[in-house]
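A.B. asks: Here it is, the structure, as structure tokens.
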Amino acid sequence: MRVFMVKASSTFRMILKSVLTRFPILRQVDANMISGLSLALTPIAYLLLSERAILASIVTIFLVLLLDLLDGIVAHAKGQTSSKDGWMVDVTVDRISEAIISLALSRVFILFTILNMGLALLSYHYEKHAIIPLRQAILLILIAYYVLQSQPAFSFLDQILFYW
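Per our numbering, residue 1 is the first one in the sequence shown, and the count goes up by one each step.
Written out as structure tokens, the structure reads:
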């Protein structure tokens, strides 16, 4: 099992370095800069959700999540994953992003955001990453909401997203 993990890890590093080779601009940016750009897009998602521009919200939240993935790729490829400061920036940006997005939605999502903040504090203390993938869940629910607009389930999703 250990041999498999070593091979998988070296393969993963090789893929990450090839990403940096194919996209030279990624060598010039820091993972924290990408996190900052992700956070800068988050208020746009909030405004779009507040106006119920669902398709535009889906695209914006997808971009926020893509940037979150990209900051991890850049950090791994540059060997910056052992930095506790970088981890704190990433986790803090993620939780702030969730909080901002959740403010446009029902109280249910705000409660999940508060729970996620508690989990983030426990993760820091125990040095184990444990969170609810809240933005991903919101994205999937919004996609279902958009697709099911003419279905009976739409009113149920509407209640969950915007009224509770």
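A virtual CB, placed ideally from N, CA and C, is assigned to each residue, including glycine.
1) Is the beta carbon of L65 less than 8 angstroms from the beta carbon of R135?
2) Output yes or no for whether 8 angstroms exceeds the beta carbon distance between L157 and I138.
3) So is D90 buried or exposed if we call it buried at 16+ other beta carbons inside 10 Å?
4) Kindly indicate the opening and closing residues of the alpha helix (DSSP H) around L148.
5) Secondary structure at Q80, three-state DSSP: helix, strand or coil?
6) Would S102 and L67 be called neighbours here (beta carbons separated by less than 8 angstroms)?
7) Applying the criterion that 16 or more other CB atoms from any shown protein chain within 10 Å of the CB defines a buried residue, is D85 buried or exposed?
8) Within a Cβ cutoff of 8 angstroms, which residues of the same chain sit near M88, ignoring the five residues on either side of it in sequence?
9) Roughly how many angstroms lie between the CA atoms of M1 and T81, to the nearest whole one?
10) Taking its Cβ as the centre, do 16 or more other Cβ atoms sit within 10 Å of L105, making it buried, or is it exposed?
C.D. replies: In short:
1) yes
2) no
3) Taking all protein chains in view, the Cβ of D90 is crowded by 16 or more other Cβ atoms within 10 Å, so the residue is classified as buried.
4) Looking at the DSSP string, L148 is not in any alpha helix (DSSP H), and its letter there is neither H nor E.
5) coil
6) No, they are not a contact pair.
7) exposed
8) Y124
9) Because the pLDDT of M1 is 48, which lies under 50, any placement of that residue in the model is unreliable, and the number read from its coordinates should be weighed accordingly. Spanning the two alpha carbons is a distance of roughly 23 angstroms.
10) Under this definition L105 is a buried residue.
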